[in-house]
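Worksheet for the structure shown next.
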Amino acid sequence: MRFFINRKFSYLIIIHFLALSSWGQDPSNMPQRQLQAELTKLLDSGNYADAMPFFDELKIRGQDDPDINYENIVIGSPMVFPSGYMQMYAKTMDSSYISKAAEFCGSFVAKYSGHADAIKLLQMQDTFLRMDQKWNEAVQVIEKLLDPTQAFREKIEEGKRSDMLNLYLGRAQCYHTLQNWVKGEVAFRELLTISDEARDEDKAAYAISCLTEMFVVTKRVDEVFPLLPRLSAETPARYDMRLNVNLMQGGDQLKEKGRFVEASLLYALTMTAEEVKNYYTDRIARISAEKSRLSSFLKNPNLPKRRLSILRDKDNALTMKLTTAKSHLAIAEKTASFTTNLRWSKASNFQDTKRFWESFWGFYWLYKEDPDNELAEDFIYAAFASANTVKFAEKSFELGEQYLANKNWLKYGSDVTNIMANAYRLEAEKQAAIAEGLQTALSTLDKEKAARAKQSSEEQYQRFFELCDRFLEKDPGNKYAVNFVNMMGSVYFKQRKFDQLLEKFAGYVAGVPEANKGYINNQSFAEGPAMPSALYLSGISLLSTGKFEEAKPLLAPIVGVYVEGLPLADGTLSNMSQYEEVVDE
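Going letter by letter, the sequence shown gives residues 1296 to 1880 in the numbering used here.
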């Protein structure tokens, strides 16, 4: 089958393919007239990035063609080149284009310092160098522009105030990053003054953050306090990683000097690394979305030149903000988390300022939210001790039992066991008193309450003795051994259970002493600090049951010494209630 195509249609197809081939054509393959025409179109549309290869080709051709004066082309449109490089950077995020833009600006102004665009190019060079984090080079450019002895400053002051403000901001940023506090202090204060005059809160906040860090680093922390009210605003400067690390360090400096209330102010203002990350992650997303919307407008071929120029300047500004935000995020991600240290400092500082409830909850949640932390033992002990300080019995028992259940925790084991045993003893006595007070109750509710109190008292006593026995079996030579012996003695005496005391302490079984039983017959215990107390309590128990002769061998070794403040010179206890009061204390 044959196909027939009319001439008109075939002509259109040929034109179409020719057009396609010209659109994708390399500038090096274009005739001079076509190259210039295509370049003009790109420049008119503001597409400087795609125009750069055409300029490169003109430069090459100008070396052999005297009719092409490439130098005059550059002099005639110098702003095109850095703008083109920045458009290429915005498309590719290849930082080498930033370096090329900065290099072009510097070399052009060095050759043509009197050019009408020289000041603008120097300002652009400063921006590019800061984007490329070449702070020393950038600040040299800024100082040149701000030098009152040169003509640059006078011309800048004749223009927009924002240009001058941006230079002060750039200079402060450079000295801040370089930690050059000598020159930086002047730069920070001048930025704050000019920002306040311009009512630019963001730049003023940055100046304050720089001054705050400088005062902390140079140990002039007292000068921070007048600035603190202005650090509370939601600005990018508020989330500077270095600022927040230094706020915490400033709090530590004050805490070491005993200035706990002032330290709490700096701790309260400190943002964690996680908060900084979240802020800049969100900021990057917002700026990227705004750049995307702006890119859609820039694709409109019918935009007026003035409007196009404004939008491109805004796009460049957004690119700068995006680069800065990414830099801050990178720093935050590289910074080791100091959240735990900050929370610990806050909680301990609350303790120092006698804000005990806030201290307790600080330590409590520090442990609960990070129980696997390598410092978890310190966290739970601090929370446990704080719970006892505020007399929060429920949490005290909860934390104490959790500590004792972990066999790997040994650092505070003696303290915790001692406190827990005493707490169980006191709670058991409290419940026993409730049960005793309701013995004659007639109502069913009171009888049930008495039964519950009695059962609770028995359970508390059981746990009390478990802790005491376990501790004395494991570490009879510990200084706390005396406490455990005296606490058990107090309970036995109050309950008049002398037989149980004698069995536990002296090894009496059914009234007969056995040499292999009882604490006083244990060699390790006998060499420890609790031996006198055990002998004394055993001897007094025998006296209380009328076994005077059997009591003598136990009391003889300790005649003339003191046990917990009780005189034993005459070998008798003059007042039994006196003993119980001393043990309770």
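Built from N, CA and C at the ideal position, the CB exists for glycine as well.
By DSSP's criteria, Y1803 is part of a beta bridge. Which residues make up the other side? P1808
Assign M1783 to buried or exposed, taking buried as 16 or more other Cβ atoms, counted over all protein chains shown, within 10 Å of its Cβ. buried
Tell me whether the region 1719-1731 and the region 1759-1767 touch, counting them as touching only if at least three CB pairs, one residue from each stretch, are closer than 8 Å. yes
Taking only the alpha-carbon atoms, compute the straight-line gap between D1421 and Q1435 and give it to the nearest angstrom. 9 Å
Which term fits F1843, buried or exposed, when burial requires 16 or more other beta carbons within 10 angstroms of its beta carbon? exposed
With distances taken from CA atoms, which of R1578, E1569, D1351 and A1810 is nearest K1629? E1569
Thinking just about the alpha-carbon of each residue, which of R1581, A1580 and R1607 is nearest to the one in F1592? R1607
At what residues does the alpha helix (DSSP H) containing V1540 begin and finish? M1536 to E1551
Below 9 Å between beta carbons: does that hold for Y1380 and M1347? yes
Nearest-angstrom Cα distance between R1601 and D1339? 12 Å
L1896 and F1483 closer than 9 Å at C-beta: Outside the displayed span of the chain (1296 to 1880) sits residue 1896, for which this structure offers no information.
If you measure between the beta carbons of D1360 and P1322, is that distance less than 9 Å? no
To the nearest whole angstrom, what separates the beta carbons of F1273 and Y1698, a pair I think is in contact under 8 Å? Because residue 1273 is not part of the residues shown, which for the chain are 1296 to 1880, the question remains open.
Report the rounded CA-to-CA distance for W1318 versus Y1407, giving the unit in angstroms. The predicted model places W1318 with a pLDDT of 44, which falls under 50 and marks its position as unreliable, so this point remains unresolved.
Got a sec? Which residues, its chain only, sit under 6 Å from L1837 by beta carbon, not counting five neighbours each side? E1845 and A1846
Would the region 1658-1672 and the region 1623-1643 be scored as touching if the rule is three or more Cβ pairs under 8 Å? yes
For the region 1471-1479 against the region 1497-1512, are there 3 or more C-beta pairs whose distance is under 8 Å? yes
Limits of the alpha helix (DSSP H) - the one that P1373 falls within: Where P1373 is concerned, there is no enclosing alpha helix (DSSP H), given that its DSSP letter is neither H nor E.
Cβ shell of T1684 (< 6 Å), same chain only, five flanking positions each side left out: F1651
For G1813 and A1801, believed in contact at Cβ under 8 Å, the rounded distance: 5 Å
Once the 5 residues before and after P1771 are set aside, which same chain residues still bring their CB inside 6 Å of it? S1819, F1820 and G1823
Comparing C-alpha positions only, which one of A1627, N1367 and C1469 sits nearest to Y1501? C1469
Would you kindly work out how many angstroms separate the C-alpha atoms of E1564 and T1444, rounded to a whole number? Per the sequence shown, the amino acid found at residue 1564 is Leu instead of Glu. C-alpha separation (whole angstroms): 42 Å.
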